[in-house]
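Engineer: Line by line, the protein sequences give chains A and B. Heads up: the first sequence begins at 3 in our numbering, then just goes up one per residue. Heads up: the second sequence begins at 3 in our numbering, then just goes up one per residue.
2 protein chains.
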Amino acid sequence: MPTLHDILSARPHVYRFLQPTPLHHYPTLGRLLGAEVWVKHENHQPVGAFKVRGGLNLVANLSDGERRGGIYTASTGNHGQSIAFAARAYGLQATIAVPEGANPSKVAAMEGLGARVVFHGRDFDTAREWIMEVAREKGGRFVGPTEELLIHGVGTYGLEIMETLPEVEVIIVPVGAGSGACGTAIAAKTINPGVQVIGVQSAQAPAMQKSWTTGTLTTAPMKTVAEGLATRVPFENTQRIMRELLDDFILVDDSAIEEAIRLLLEHTHNLAEEAGAASLAGALQLGGRVAGRKIVLVLSGGNISPARLASLLNS
Amino acid sequence: MPTLHDILSARPHVYRFLQPTPLHHYPTLGRLLGAEVWVKHENHQPVGAFKVRGGLNLVANLSDGERRGGIYTASTGNHGQSIAFAARAYGLQATIAVPEGANPSKVAAMEGLGARVVFHGRDFDTAREWIMEVAREKGGRFVGPTEELLIHGVGTYGLEIMETLPEVEVIIVPVGAGSGACGTAIAAKTINPGVQVIGVQSAQAPAMQKSWTTGTLTTAPMKTVAEGLATRVPFENTQRIMRELLDDFILVDDSAIEEAIRLLLEHTHNLAEEAGAASLAGALQLGGRVAGRKIVLVLSGGNISPARLASLLNS
Numbered sequence: 003m004p005t006l007h008d009i010l011s012a013r014p015h016v017y018r019f020l021q022p023t024p025l026h027h028y029p030t031l032g033r034l035l036g037a038e039v040w041v042k043h044e045n046h047q048p049v050g051a052f053k054v055r056g057g058l059n060l061v062a063n064l065s066d067g068e069r070r071g072g073i074y075t076a077s078t079g080n081h082g083q084s085i086a087f088a089a090r091a092y093g094l095q096a097t098i099a100v101p102e103g104a105n106p107s108k109v110a111a112m113e114g115l116g117a118r119v120v121f122h123g124r125d126f127d128t129a130r131e132w133i134m135e136v137a138r139e140k141g142g143r144f145v146g147p148t149e150e151l152l153i154h155g156v157g158t159y160g161l162e163i164m165e166t167l168p169e170v171e172v173i174i175v176p177v178g179a180g181s182g183a184c185g186t187a188i189a190a191k192t193i194n195p196g197v198q199v200i201g202v203q204s205a206q207a208p209a210m211q212k213s214w215t216t217g218t219l220t221t222a223p224m225k226t227v228a229e230g231l232a233t234r235v236p237f238e239n240t241q242r243i244m245r246e247l248l249d250d251f252i253l254v255d256d257s258a259i260e261e262a263i264r265l266l267l268e269h270t271h272n273l274a275e276e277a278g279a280a281s282l283a284g285a286l287q288l289g290g291r292v293a294g295r296k297i298v299l300v301l302s303g304g305n306i307s308p309a310r311l312a313s314l315l316n317s
Numbered sequence: 003m004p005t006l007h008d009i010l011s012a013r014p015h016v017y018r019f020l021q022p023t024p025l026h027h028y029p030t031l032g033r034l035l036g037a038e039v040w041v042k043h044e045n046h047q048p049v050g051a052f053k054v055r056g057g058l059n060l061v062a063n064l065s066d067g068e069r070r071g072g073i074y075t076a077s078t079g080n081h082g083q084s085i086a087f088a089a090r091a092y093g094l095q096a097t098i099a100v101p102e103g104a105n106p107s108k109v110a111a112m113e114g115l116g117a118r119v120v121f122h123g124r125d126f127d128t129a130r131e132w133i134m135e136v137a138r139e140k141g142g143r144f145v146g147p148t149e150e151l152l153i154h155g156v157g158t159y160g161l162e163i164m165e166t167l168p169e170v171e172v173i174i175v176p177v178g179a180g181s182g183a184c185g186t187a188i189a190a191k192t193i194n195p196g197v198q199v200i201g202v203q204s205a206q207a208p209a210m211q212k213s214w215t216t217g218t219l220t221t222a223p224m225k226t227v228a229e230g231l232a233t234r235v236p237f238e239n240t241q242r243i244m245r246e247l248l249d250d251f252i253l254v255d256d257s258a259i260e261e262a263i264r265l266l267l268e269h270t271h272n273l274a275e276e277a278g279a280a281s282l283a284g285a286l287q288l289g290g291r292v293a294g295r296k297i298v299l300v301l302s303g304g305n306i307s308p309a310r311l312a313s314l315l316n317s
């Protein structure tokens, strides 16, 4: 189980290339929720999402042999950009598998960061299994989405929350594979066991939440539009941590997430991707349970496309 | 004439409440411009724009008598939120005049920061003249838009650019009343006289640019949609500084600004208000003059409304 000590050890590797993100207070959002509302702006990161913290810590901790072989992963989203960013920072070659027909703007972003993007297979699972095999053949290092070194790195934003606002009472955090929620909970609960940490997932992709509630790893249908929350098969290591540390884990409907994107735009003038807005959707659903309290909403990422945003603003 | 020394003196007052904003490198924007492109993210400030730096420096430097009388200004935009933020930080009362029918969401934002908002008159000039009179009667401190203490404060972002990327070759900065362009030019040119600083204004509100080009204060028709660039009557003190320090001052069409908002959304996943996007519009227009160089675009603010954004994304 990762500890606050691991997060502290990750910190110099993260701050070598990044700076702490702001935690801003938004009075008009607070009026909406009847609470004191702060937003942790992980959307301000260079690749637009919290994951880059984990990538930098992982790459910093690779052995010389692993560095020479290069790193391999599969992603169509923030994980891929994070690994590409970290590889470039250390002058390593990153190879990222994406399914055929992957979003060209996301491919361009990874290539812009110096990664080699390889198209393979019809879907993400096919691409990932193939690239694991490629990494093995070539003596490269495959990077999975919930490795402990990633959790240690992303936990640095949880620590920043506790340092900036030690009196926080509730932290609401989106859950995809769970690394962000785990890192946050480890930092927050170690420093103040009284702070509540609540996970949020889309009701249209409830595998992690159902596994948490039932205590058994459970797959579930995955139909959400929220790419960062789209987990079909739950991850055992993050489940174990979340079962120990989360106070609650709730589901919000995709339609509530879309409304939260609009509200964040209006009240904070920040772009949120679907996963990033899930924390506000969760707070709105919790209602009376957060009223009158000091709450932090983790805006985990802002990578939404102009087309998607246009359709949201017109619906 | 303000100096780098003034900016350094402002810095502790600014950093008492704010942290440096990121300067991010965007490879895909760079491909578009054939240059190495960095964006200075003043849209990440707590009130969404660079001006808050100036407000904090001004309020920190008030005398006890001025603090007791409270501060008064007129604004429907970022200046008002900046003054409200700074007043709250120091526990002072801010009174902000807006014209009747002012945008309710901007009024709510200023009230959320603890300011008293007073509606008066049909337009901004009427509201401003009235509140100057009120301040005089009540013994309060009226705050104008281009006071030197504001320039010293906003100059801290120019200094951050030079500290983070000392090898920068061109900085492109939007001009409204000119405080941002002045602060940037003072910091940049003092540290490296070889860096080019280029101002950008909307062709639909060219008063400052025409005054700069002709060497004579010149009013001009003001029809721009870019609120932050909407200066009808030029300011003498910022003109004087810009005449000495800007390498060029160009006009971009409102339609080019709108396209730049869309491009920033796509390539950086950041919201820009019209003024904030003018720097990218300027770089695109400069074309060959920035090709192959290291350039910084100042994204001065992100306060655009959801309705305006929706209409932009659909045009």
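Even glycine gets a Cβ: it sits at the ideal position worked out from N, Cα and C. Owing to the predicted nature of the structure, the values given are computational and were not obtained by experimental measurement.
1. Using a C-beta to C-beta distance shorter than 7 Å, which residues of chain A count as neighbours of ARG264(B)?
2. Grab me the residues of LYS212(A)'s own chain with a C-beta within less than 7 Å of its C-beta, minus the 5 sequence neighbours each way, in chain order.
3. Residues of chain A with CB under 8 Å from GLN21(B), in chain order?
4. Is THR233(B) buried or exposed, if buried means 16 or more other CB atoms sit within 10 Å of its CB?
5. For a contact defined as C-beta to C-beta under 7 Å, what are the partners of PRO29(B) on chain A?
6. Output the boundary residues of the beta strand (DSSP E) element that contains HIS43(B).
7. Taking the alpha-carbon of ALA285(B) as reference, which of PRO24(B), LEU20(B), LEU34(B) and LEU25(B) has the nearest alpha-carbon?
8. Check the Cβ-Cβ distances between ASN105(B) and every residue of chain A, and say whether any is below 8 Å.
9. The region 69 to 87 of chain B: which residues have C-beta closer than 7 Å to a C-beta of chain A, in chain order?
10. Measuring straight from C-alpha to C-alpha, what distance separates TYR17(B) and SER307(B)?
11. For the region 103 to 178 of chain A, which segments carrying the alpha helix (DSSP H) assignment without a break, of at least 4 residues, lie completely within its bounds, in sequence order?
12. Does the beta carbon of LEU58(A) sit closer than 8 Å to a beta carbon anywhere in chain B?
13. Three or more C-beta pairs under 8 Å: does that hold for the region 172 to 179 of chain A against the region 296 to 307 of chain A?
14. In chain order, what are the residue ranges of uninterrupted beta strand (DSSP E) at least 3 long that sit wholly in the region 207 to 260 of chain A?
15. Counting Cβ pairs, one atom from each stretch, are 3 or more of them under 8 Å apart for the region 150 to 169 of chain B and the region 48 to 65 of chain B?
16. Between GLY178(B) and chain A, is the shortest Cβ-Cβ distance under 8 Å, so that the two count as touching?
17. Which residues of chain A have a Cβ atom closer than 8 Å to the Cβ of GLU268(B), listed in chain order?
18. Candidates CYS184(B), LEU315(B), GLU139(B) and VAL120(B): which alpha carbon is nearest GLY103(B)'s?
19. Name the chain B residues that come within less than 7 Å of LEU273(A), Cβ to Cβ?
20. Starting from the N-terminal side, write out each stretch of the alpha helix (DSSP H) that is 4 residues or longer and does not extend beyond the region 3 to 68 of chain B.
21. Can you tell which of LYS191(B), ALA110(B), PRO14(B) and ALA76(B) has its C-alpha closest to the C-alpha of THR128(B)?
22. Would the region 62 to 76 of chain A count as touching the region 91 to 101 of chain A if we require 3 or more Cβ pairs under 8 Å?
23. If we define contact as Cβ-Cβ less than 8 Å, is PRO48(A) a contact residue for chain B?
24. Sort ALA179(A), HIS15(A) and GLY180(A) by Cα distance to ASN63(A) and report the nearest one.
25. For a quick check, are the C-beta atoms of GLY217(A) and PHE52(A) less than 8 Å apart?
26. Taking only three categories from DSSP, how would you classify ILE188(A)?
27. Using a Cβ cut-off of 8 Å (strictly closer), state whether ALA312(A) contacts chain B.
28. So for ILE193(A), helix, strand or coil by DSSP?
29. Which residues in the same chain as LEU167(A) place their Cβ atom closer than 8 Å to its Cβ, once the five residues preceding and following it in sequence are excluded?
30. Of the choices THR5(B), GLU38(B) and ILE9(B), whose alpha-carbon is the least far from that of GLY289(B)?
31. Under a three-way DSSP split, which group does GLN287(B) fall into?
32. At the level of alpha carbons, what is the spacing between VAL292(A) and ALA117(B)?
33. Taking the CB atoms as reference points, tell me whether ALA312(A) and MET244(A) lie closer together than 8 Å.
34. Give me the chain B residues within the contact set of GLY304(A), using Cβ-Cβ distance strictly less than 8 Å, ordered along the chain.
35. According to the Cβ coordinates, are ILE263(B) and ALA279(B) closer than 8 Å?
36. Can a CB atom of chain A be found closer than 8 Å to the CB of HIS43(B)?
Structural biologist: The answer reads as follows:
1. By one-based count along the second sequence, residue 264(B) stands at place 262. Result: PRO308.
2. The residue labelled residue 212(A) in the question sits at position 210 within the first sequence. Around LYS212(A): THR220 and ALA222.
3. Residue 21(B) sits at position 19 when you count from the first residue of the second sequence. Near GLN21(B) (Cβ distances below 8 Å), the residues of chain A are GLN21, PRO22 and PRO24.
4. Here the question's residue 233(B) lines up with position 231 in the second sequence. By the neighbour-count rule (16 or more Cβ atoms within 10 Å), THR233(B) is buried.
5. On the second sequence, residue 29(B) is found 27 positions in, with the first residue counted as 1. Within chain A, the residues near PRO29(B) are GLY114 and LEU115.
6. Residue numbering aside, residue 43(B) sits at position 41 when the second sequence is read from its first letter. From DSSP, the beta strand (DSSP E) with HIS43(B) extends over 38 to 43.
7. Within the second sequence, the letter at position 283 stands for residue 285(B). Ranking PRO24(B), LEU20(B), LEU34(B) and LEU25(B) by Cα distance to ALA285(B) puts LEU34(B) first.
8. The sequence position of residue 105(B) within the second sequence is 103, counting from 1. Not closer than 8 Å to any Cβ of chain A, the Cβ of ASN105(B) fails to qualify, so no.
9. none
10. Translated into the one-based positions of the second sequence, residue 17(B) becomes position 15. Translated into the one-based positions of the second sequence, residue 307(B) becomes position 305. Computed Cα separation, rounded: 28 Å.
11. 106 to 114, 126 to 140 and 150 to 166
12. In the first sequence, the residue the question calls residue 58(A) occupies position 56. LEU58(A) does not count as touching chain B.
13. yes
14. 250 to 254
15. yes
16. Taking the first residue of the second sequence as position 1, residue 178(B) is located at position 176. Answer no: the Cβ-Cβ gap between GLY178(B) and chain A never drops below 8 Å.
17. Position 266 of the second sequence, counted from the start, is the residue given in the question as residue 268(B). Neighbours of GLU268(B) on chain A, chain order: SER107, SER307 and PRO308.
18. Taking the second sequence and counting its residues from 1, the one referred to as residue 103(B) is at position 101. For the residues CYS184(B), LEU315(B), GLU139(B) and VAL120(B), the minimum Cα distance to GLY103(B) belongs to VAL120(B).
19. Here the question's residue 273(A) lines up with position 271 in the first sequence. Within chain B, the residues near LEU273(A) are HIS271, ASN272 and LEU273.
20. 6 to 17, 29 to 35 and 53 to 62
21. Within the second sequence, numbered from 1, the residue matching residue 128(B) stands at position 126. When each option's Cα is compared against that of THR128(B), the closest is ALA76(B).
22. yes
23. Along the first sequence, read from residue 1 onward, the residue named residue 48(A) stands at position 46. Chain B contact via Cβ: present.
24. If you number the first sequence from 1, residue 63(A) lands on position 61. Among ALA179(A), HIS15(A) and GLY180(A), the Cα nearest to that of ASN63(A) belongs to HIS15(A).
25. In the first sequence, the residue the question calls residue 217(A) occupies position 215. In the first sequence, the residue the question calls residue 52(A) occupies position 50. Contact flag unset, no.
26. Here the question's residue 188(A) lines up with position 186 in the first sequence. Helix, per DSSP.
27. Here residue 312(A) corresponds to residue number 310 of the first sequence, with the count starting at 1. For ALA312(A), the answer is yes, since a Cβ of chain B falls inside 8 Å of its Cβ.
28. Against the first sequence, residue 193(A) aligns to sequence position 191. Reduced to three states, the DSSP call for ILE193(A) is helix.
29. Locating residue 167(A) in the first sequence gives position 165, where the first residue counts as 1. Hits under 8 Å: LEU25, TRP40, LYS296 and VAL298.
30. Walking along the second sequence from the start, residue 289(B) turns up at place 287. It is GLU38(B) whose Cα lies nearest to the Cα of GLY289(B).
31. What you label residue 287(B) is simply residue 285 of the second sequence in a count that begins at 1. Of the three classes helix, strand and coil, the one that applies to GLN287(B) here is helix, per DSSP.
32. Along the first sequence, one-based indexing puts residue 292(A) at 290. Along the second sequence, one-based indexing puts residue 117(B) at 115. The alpha-carbon atoms of VAL292(A) and ALA117(B) are separated by roughly 26 Å.
33. Residue 312(A) sits at position 310 when you count from the first residue of the first sequence. Residue 244(A) sits at position 242 when you count from the first residue of the first sequence. No; because the gap between Cβ atoms is not below 8 Å, this pair is not in contact.
34. Taking the first residue of the first sequence as 1, we reach residue 304(A) at position 302. The answer, in chain order, is HIS271 and ASN272.
35. The residue labelled residue 263(B) in the question sits at position 261 within the second sequence. The residue labelled residue 279(B) in the question sits at position 277 within the second sequence. Against a cut-off of 8 Å, the Cβ pair of ALA279(B) and ILE263(B) comes out as a contact.
36. On the second sequence, position 41 is the one that residue 43(B) refers to. Yes, its Cβ sits closer than 8 Å to a Cβ of chain A.
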